[in-house]
Amino acid sequence: MKGMFYFLIIFCMASAASAEVSTRVCLADGNTPLELADPNAPFVYRDIMVGTRLTIIVDSNLSEMWNGGLLITGTDRDYGVLSARDYNDITSDWEGSRFEAAGYRSSVLELEELDIHGFDMMSHYTSVAGDWFIIDYTAISAGSCNVGFYDYSWPDGMDSPVYDITFSHVPSRDFNNDARVDFADFSVLASHWQETGCSDPNWCEGTDLDADGNIDCNDLVLFAHYWLEKTE
Ligand SMILES: [Ca+2]
Ligand SMILES: [Ca+2]
Numbered sequence: 002m003k004g005m006f007y008f009l010i011i012f013c014m015a016s017a018a019s020a021e022v023s024t025r026v027c028l029a030d031g032n033t034p035l036e037l038a039d040p041n042a043p044f045v046y047r048d049i050m051v052g053t054r055l056t057i058i059v060d061s062n063l064s065e066m067w068n069g070g071l072l073i074t075g076t077d078r079d080y081g082v083l084s085a086r087d088y089n090d091i092t093s094d095w096e097g098s099r100f101e102a103a104g105y106r107s108s109v110l111e112l113e114e115l116d117i118h119g120f121d122m123m124s125h126y127t128s129v130a131g132d133w134f135i136i137d138y139t140a141i142s143a144g145s146c147n148v149g150f151y152d153y154s155w156p157d158g159m160d161s162p163v164y165d166i167t168f169s170h171v172p173s174r175d176f177n178n179d180a181r182v183d184f185a186d187f188s189v190l191a192s193h194w195q196e197t198g199c200s201d202p203n204w205c206e207g208t209d210l211d212a213d214g215n216i217d218c219n220d221l222v223l224f225a226h227y228w229l230e231k232t233e
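Take 2 as the starting number for the sequence shown in the working numbering and just add one per residue.
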């Protein structure tokens with residue numbers, strides 16, 4: 002009897018864990034996963050450079066109607082911004098941000114209120130398990146930004162996210178703004194080597210990465226952390 006009890010508990014836990022709509026975060030290619038900052042913190046991602054574009058994919062192992070959202074609130078909107086794809090101005094639907102698996106008549110609608118910006122997503126009962134929606138995210142300034150993942154069917158689901166996806170942004174190493182950190186950027190840093198008196202807002206073309214006024218080995222080490230990284 003006791004064995005049966007534990008079997009049922011495990012069965013129920015497995016069911017709860019497996020039946021869900023969830024998110025994963027990838028680079029701009031929509032395919033390469035962005036690493037977590039700490040494997041024990043499931044929704045806190047590694048630092049990214051200002052200007053980096055990411056994709057947040059909403060996937061599901063359910064086939065049912067679901068309604069939820071990805072939203073940024075308050076001052077977090079100063080650090081990151083969400084965008085969607087292929088707006089249809091007749092239906093107000095962002096068609097390019099939903100996949101076929103979300104079902105016939107699924108929708109992605111922009112939500113902009115006083116201190117909230119993001120996208121509401123709705124799947125249709127013809128949905129199937131798989132990737133349902135894709136929303137783009139861009140880091141716009143140094144600092145951190147939480148993107149709330151909402152499930153409106155939850156009690157208080159309109160007011161509180163199921164969880165926050167946390168991004169941290171560091172100054173860009175892409176000094177020439179071509180979406181890639183490479184020798185061209187290194188040569189910008191080298192051109193300011195051992196310069197002093199770097200100051201806000203230019204910081205010697207952005208090469209004073211620790212903002213201490215001087216271009217030295219500390220900046221070079223910070224630069225090297227993102228060697229060959231792409232922002233789009
Ligand atoms: Ca570059
Ligand atoms: Ca410095």
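Beta carbons: idealized from backbone N, C-alpha and C, even for Gly.
None of the values given here were measured: they were computed from a predicted structure.
How many Å lie between residue i and residue j at the Cα?
i, j, result
"residue 110", "residue 94", "5 Å"
"residue 11", "residue 225", "Any answer about residue 11 is weak, because its pLDDT of 40 lies below 50 and its placement is not dependable; what the coordinates show is given next. Each residue's Cα considered, the two are about 47 Å apart."
"residue 49", "residue 119", "20 Å"
"residue 209", "residue 190", "8 Å"
"residue 25", "residue 134", "11 Å"
"residue 166", "residue 180", "24 Å"
"residue 196", "residue 212", "12 Å"
"residue 32", "residue 44", "17 Å"
"residue 79", "residue 149", "15 Å"
"residue 171", "residue 113", "27 Å"
"residue 59", "residue 81", "18 Å"
"residue 128", "residue 103", "5 Å"
"residue 184", "residue 230", "12 Å"
"residue 16", "residue 61", "Residue placement at residue 16 is flagged as unreliable, the pLDDT there being 39, under the threshold of 50; the coordinate-derived value follows with that caveat. Looking at the two C-alpha atoms, the distance is approximately 14 Å."
If you compare alpha carbons, which of the options is closest to residue i?
i, options, result
"residue 186", "75, 195, 173, 37", "173"
"residue 232", "27, 23, 135", "27"
"residue 1", "229, 212, 164", "With the chain running from 2 to 233 in the structure shown, residue 1 is simply not present."
"residue 85", "162, 62, 96, 113", "96"
"residue 52", "219, 142, 188, 215", "142"
"residue 227", "175, 192, 194, 203", "175"
"residue 108", "115, 123, 117", "123"
"residue 101", "132, 221, 230, 74", "132"
"residue 218", "206, 230, 194, 136", "194"
"residue 98", "188, 87, 207", "87"
"residue 22", "151, 182, 205", "151"
My assumption, with CB atoms under 8 Å, is that residue i sits in contact with residue j. Please give the rounded CB distance.
i, j, result
"residue 54", "residue 29", "4 Å"
"residue 65", "residue 126", "6 Å"
"residue 153", "residue 69", "6 Å"
"residue 63", "residue 130", "6 Å"
"residue 199", "residue 168", "Rounded, the Cβ-Cβ distance is 27 Å, inconsistent with contact."
"residue 74", "residue 117", "5 Å"
What are the residues that DSSP puts in a beta bridge with residue i?
i, result
"residue 187", "Looking at the DSSP assignment, residue 187 forms no beta bridge with any residue, so it has no partner."
"residue 181", "231"
"residue 81", "140"
"residue 167", "45, 147"
8 Å is my cut-off, CB to CB: does residue i come that close to chain C?
i, result
"residue 28", "Protein chain content of the structure displayed is limited to a single chain, and chain C is not contained in it."
Segments of 3+ residues assigned as beta strand (DSSP E) that fall wholly inside the segment 22-76: If we require 3 residues or more, the beta strand (DSSP E) runs fully inside the segment 22-76 come out as 22-28, 54-61, 68-74.
3 or more residues per run - each beta strand (DSSP E) lying fully within the segment 107-160: For the segment 107-160, whole beta strand (DSSP E) runs of length 3 or above, ordered along the chain, are 108-114, 117-123, 131-140, 144-152.
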